[in-house]
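In the working numbering, the protein residues as written are 184 to 566.
C-beta: ideal position from N, C-alpha, C; glycine also.
This one's a predicted model, so the numbers in the text were calculated from it and none came from an experiment.
Worksheet for the structure shown next.
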């Protein structure tokens, strides 16, 4: 028996790892807040950026943003689809190839075995998930994922995201791969693609989800680029380069050598919130109040999950996954004016250094890179 689509089951009685309610935006719109300056510009595509920004474009193509979601093919699929199997909760899932495409045979929404074609890859390291398309426009993310870490680190194998052998996920569970909580359109899409429109029809219970680019591309952060391209191809006069917001400001800190103080870099009082809020749109535990706009303020699009029981410990430390922004807002770094690109290169997403030099950009190594401060023996983890 073939399933017509993933199951939509009532919430009561089923496990929920995290249920973040979607709030209505009606009151906010009525209050006058969601006029989007990006409406005047149109999306041009990341390839249109490459001729002038070649280095940034190449760095982006090696990033997690580029790999956020891609069509499943020889270049993008990392998992072993050579007929390998994975057993979980009495279900043996089989991963194989046929006629140049990638498939999985696993349990469907009715608990019966069925073959499904892999439509898209989802991420790449340390785990790669796979999306399956259904006739009603839904895409569902498999619970069995590929551990892309090197073999010596325990990777290069299929694993289940809910590994408790005494309480396995079944087809009747909301976190089963066919269930609501594994639905790409409503749960994942807005942060893995650019210019996304969910296009859900409540009357027919169908999606016609569309995007401008399948992955997290240039305009996901910078906004639609058509006006910028007109500026770049013209005489380049004036301060207006065609973008409605600039993300270029690296924040309040300059070179440490310019600071007369003994331990910390210069603080000039600026608060470049635009860049931080651009990242926070996806790197935050939040609920959506409106479709994402790369130029609208965070608070006009999202409701941030605050320091609530379950998400945080009573002292503010992270308990569950909160995706950085909420905890960053509590930090002394945020208070001092540090922004994301003080530590991360914007296009490759990599940190500038993978050792204590990252902190020494602002904090004097003579003062802080010492056992008296970090309480760890030299050369040991934590030092």
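Check	Outcome
Classify residue 470 as helix, strand or coil using the three-state DSSP reduction.	strand
Residue 251 and residue 398: beta carbons closer than 8 Å?	yes
Identify which residue in 409, 355, 241 and 282 has its Cα closest to the Cα of residue 528.	241
To which residues of the same chain is residue 286 closer than 6 Å at the C-beta, ignoring the five residues directly before and after it?	279, 298 and 300
What residue range does the alpha helix (DSSP H) around residue 412 cover?	409-416
Would you call residue 534 buried or exposed, if buried means 16 or more other Cβ atoms sit within 10 Å of its Cβ?	exposed
Provide the residue span of the alpha helix (DSSP H) that contains residue 516, from first to last.	515-519
Can you list, in chain order, the residues of its chain whose CB lies under 8 Å from that of residue 557, leaving out five sequence neighbours each side?	551, 565 and 566
Distance cutoff 8 Å, beta carbons only. Does residue 247 sit that close to anything in chain B?	No chain B appears in the structure shown, which is made up of a single protein chain.
Alpha carbon to alpha carbon, what distance is there between residue 270 and residue 546?	50 Å
Quick one: complete beta strand (DSSP E) runs, 3+ long, within the stretch 222-286?	252-254, 267-271 and 274-281
Consult DSSP for residue 366 and reduce its assignment to one of helix, strand or coil.	strand
In the DSSP output, which residue or residues are listed as bridge partners for residue 496?	Its beta-bridge partners do not exist; DSSP assigns none.
For residue 336, does the three-state DSSP call read helix, strand or coil?	helix
Cβ of residue 379 within 8 Å of Cβ of residue 475?	yes
Confirm, please, whether the CB-CB distance from residue 256 to residue 178 is below 8 Å.	The first residue shown for the chain is 184 and the last is 566, placing residue 178 beyond what the model contains.
Got a sec? Which residues, its chain only, sit under 7 Å from residue 261 by beta carbon, not counting five neighbours each side?	307, 311, 329 and 331
If you reduce the DSSP assignment to three classes, tell me which class residue 556 lands in.	helix
Can you check whether the CB of residue 372 is closer than 8 Å to the CB of residue 392?	yes
Specify the secondary structure class of residue 312 as computed by DSSP and reduced to three states.	strand
By the three-class DSSP mapping on this structure, what secondary structure does residue 325 have?	coil
CB residue 507 to CB residue 466, shorter than 8 Å?	yes
Just the Cα atoms here: how many angstroms apart are residue 496 and residue 224?	43 Å
Taking DSSP as the reference, what is the three-state secondary structure of residue 354?	coil
Report buried or exposed for residue 469, applying the criterion of at least 16 other Cβ atoms within 10 angstroms of its Cβ.	buried
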